[in-house]
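**Student:** Pasting a structure here, questions to come.
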Amino acid sequence: MEARSHPEILKAMDATSQLWHVDDDTLPIDRSSQVAYCDRFRIRKAGDKAYSLKAHLDSSSTERWEDPEYRSYYQEIFDGKWEEYDPWKMDRRGDAKVDMYQELGSCSGFRSFQGWLSMSECGPGEGTLRVMPSLKLSTAYIMLRPFFLNEHLDVTQSTFPGPIPARGQIYANPKYHPHLAHDRAIMSIPKVYPGDFIFWHADTLHEVEDENKVVKDSSVLYVANVPLGKYNI
Numbered sequence: 007m008e009a010r011s012h013p014e015i016l017k018a019m020d021a022t023s024q025l026w027h028v029d030d031d032t033l034p035i036d037r038s039s040q041v042a043y044c045d046r047f048r049i050r051k052a053g054d055k056a057y058s059l060k061a062h063l064d065s066s067s068t069e070r071w072e073d074p075e076y077r078s079y080y081q082e083i084f085d086g087k088w089e090e091y092d093p094w095k096m097d098r099r100g101d102a103k104v105d106m107y108q109e110l111g112s113c114s115g116f117r118s119f120q121g122w123l124s125m126s127e128c129g130p131g132e133g134t135l136r137v138m139p140s141l142k143l144s145t146a147y148i149m150l151r152p153f154f155l156n157e158h159l160d161v162t163q164s165t166f167p168g169p170i171p172a173r174g175q176i177y178a179n180p181k182y183h184p185h186l187a188h189d190r191a192i193m194s195i196p197k198v199y200p201g202d203f204i205f206w207h208a209d210t211l212h213e214v215e216d217e218n219k220v221v222k223d224s225s226v227l228y229v230a231n232v233p234l235g236k237y238n239i
């Protein structure tokens, strides 16, 4: 909490929060204020292969389709107008229920950005973060994929590839999401140094490299943006 409340951290959070917007000024959402939120400290030792995460989204699994408020955030996508979908509009995201199943370990708050503060020097091949930069395209694809499993529209089938109820994550793998072209589209972030702050949108597809291939640790302090709002109180 001491790190999270540091003035420079709060400045960085405030700056990135302005990428979001709230069109309805009557909504009780304050992007410039943060609520108390404890995450974790990760120390990935040299040569570690255990701490790896395949491409996924956090901030819920099937809730994205199940919860009416959450689903409305993607309404333009479901209406066939994905080009009009605005991933930075907070109006319908701030009150979306992300933990319908209240599974132990799942996040119960709205994180506008996930993020971490680097505690060590770390670059590609050293166990760092990998992201897919096409936020809008990948989101539209993942949200519509359950209805095109056989490459034809079918809204009657009940298979949702990737999300597991109560796990709080959606995994996108080449078998069920081949058009994402994981091998070519997901890339490691540039080298970071102690004190560098990394943020990524809550719907950014991301993963952690399979191995820390160097002789030093890869350590980060997870510090997410958790804006002040009704759902986060």
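Count along the sequence shown from 1, add 6, and you get the number used in the working numbering. Beta carbons: idealized from backbone N, C-alpha and C, even for Gly. Keep in mind it's a predicted model, so treat the numbers as computed, not measured.
1. Where does residue 164 sit, in a helix, a strand or coil, going by DSSP?
2. Could you tell me the distance, in whole angstroms, from the CA atom of residue 196 to the CA atom of residue 95?
3. Taking 8 Å as the cut-off, does the segment 191-206 touch the segment 91-108 (at least 3 CB pairs, one atom from each stretch)?
4. Using C-beta distances below 7 Å, list every residue in its chain close to residue 226, excluding the 5 sequence neighbours before and after it, in chain order.
5. Just to confirm my understanding: we take residue 82, look at its own chain, exclude 5 residues before and 5 after, and list those with CB closer than 6 Å. What are they?
6. Taking only runs that begin and end inside the segment 160-217, name each unbroken alpha helix (DSSP H) of 4 or more residues, in chain order.
7. With distances taken from CA atoms, which of 219, 168 and 172 is nearest residue 109?
8. Taking the alpha carbon of residue 71 as the reference point, which residue from 80, 63 and 64 has its own alpha carbon closest?
9. Name the residue from 221, 180, 234 and 206 whose alpha carbon lies nearest to the alpha carbon of residue 60.
10. Can you tell me whether residue 50 is buried or exposed? The criterion is at least 16 other CB atoms within 10 Å of its CB, across all chains shown.
11. Please tell me whether residue 116 and residue 232 are closer than 8 Å, where the distance is taken between their beta carbons.
12. Who are the Cβ neighbours of residue 25 in its own chain at under 8 Å, not counting the five residues just before and after it?
13. So if DSSP puts residue 49 in a beta bridge, which residue, or which two residues, is it bridged to?
14. Taking C-alpha atoms, which residue in 210, 206, 223 and 105 lies nearest to residue 146?
15. Check whether the segment 128-140 and the segment 217-224 are in contact - that is, three or more C-beta pairs closer than 8 Å.
16. What would DSSP say about residue 25, mapped onto helix, strand or coil?
17. Ends of the alpha helix (DSSP H) at residue 144?
18. Residue 74 lies in the alpha helix (DSSP H); which residues open and close that run?
19. Hey, would you say residue 118 sits closer than 8 Å to residue 174, going by beta carbons?
20. What residue range does the beta strand (DSSP E) around residue 122 cover?
21. Quick one: grab the DSSP three-state call for residue 36.
22. Would a C-beta distance cut-off of 8 Å place residue 23 and residue 37 closer than the cut-off?
23. Should residue 30 go down as buried or exposed, given a rule of 16 or more other Cβ atoms within 10 Å for buried?
**Tutor:** By the coordinates alone:
1. In the sequence shown, the residue the question calls residue 164 occupies position 158. The answer is coil: DSSP assigns residue 164 none of H, G, I, E or B.
2. Here residue 196 refers to the residue found at position 190 when the sequence shown is read from its first residue. Here residue 95 refers to the residue found at position 89 when the sequence shown is read from its first residue. Going from the Cα of residue 196 to the Cα of residue 95 covers about 28 Å.
3. With a cut-off of 8 Å, the segment 191-206 and the segment 91-108 do not count as touching, because too few Cβ pairs lie within range.
4. The residue given as residue 226 occupies position 220 in the sequence shown. Excluding positions up to five away in sequence, the list reads 48, 122, 123, 124 and 125.
5. Here residue 82 refers to the residue found at position 76 of the sequence shown. Once the five neighbours on either side are set aside, the close Cβ partners of residue 82 are 90 and 91.
6. 188-191
7. If you number the sequence shown from 1, residue 109 lands on position 103. For residue 109, the closest of 219, 168 and 172 by C-alpha to C-alpha distance is 172.
8. Here residue 71 corresponds to residue number 65 of the sequence shown, with the count starting at 1. Checked all of 80, 63 and 64; the closest Cα to residue 71 is 80.
9. Taking the first residue of the sequence shown as position 1, residue 60 is located at position 54. Taking only the C-alpha atoms, the option nearest residue 60 is 180.
10. Within the sequence shown, the letter at position 44 stands for residue 50. Burial call: buried.
11. Stepping through the sequence shown from its first residue, residue 116 is reached at position 110. Stepping through the sequence shown from its first residue, residue 232 is reached at position 226. In this structure, residue 116 lies near residue 232, with their beta-carbon atoms less than 8 Å apart.
12. Sequence index remark: in the sequence shown, residue 25 carries index 19 (1-based). Within the same chain, residue 25 has close Cβ partners 94.
13. On the sequence shown, position 43 is the one that residue 49 refers to. For residue 49, which the question treats as bridged, DSSP gives the partners 225.
14. Locating residue 146 in the sequence shown gives position 140, where the first residue counts as 1. Residue 146 has its Cα closest to that of 210, out of 210, 206, 223 and 105.
15. yes
16. Position 19 of the sequence shown, counted from the first residue, corresponds to residue 25. In this structure, residue 25 counts as coil in the three-state DSSP scheme.
17. By 1-based counting over the sequence shown, the position of residue 144 is 138. In this chain, the alpha helix (DSSP H) harbouring residue 144 covers 141-150.
18. Taking the first residue of the sequence shown as 1, we reach residue 74 at position 68. Counting along the chain, the unbroken alpha helix (DSSP H) around residue 74 starts and ends at 74-79.
19. In the sequence shown, counting from the first residue as 1, residue 118 sits at position 112. In the sequence shown, counting from the first residue as 1, residue 174 sits at position 168. Going by C-beta atoms, residue 118 is not nearer than 8 Å to residue 174.
20. The residue you call residue 122 lines up with position 116 of the sequence shown. Counting along the chain, the beta strand (DSSP E) containing residue 122 begins and ends at 119-124.
21. The residue labelled residue 36 in the question sits at position 30 within the sequence shown. Correct three-state label for residue 36: strand.
22. One-based indexing of the sequence shown puts residue 23 at position 17. One-based indexing of the sequence shown puts residue 37 at position 31. Between residue 23 and residue 37, the C-beta spacing is below 8 Å.
23. Taking the sequence shown and counting its residues from 1, the one referred to as residue 30 is at position 24. Exposed: under 16 other Cβ atoms inside 10 Å.
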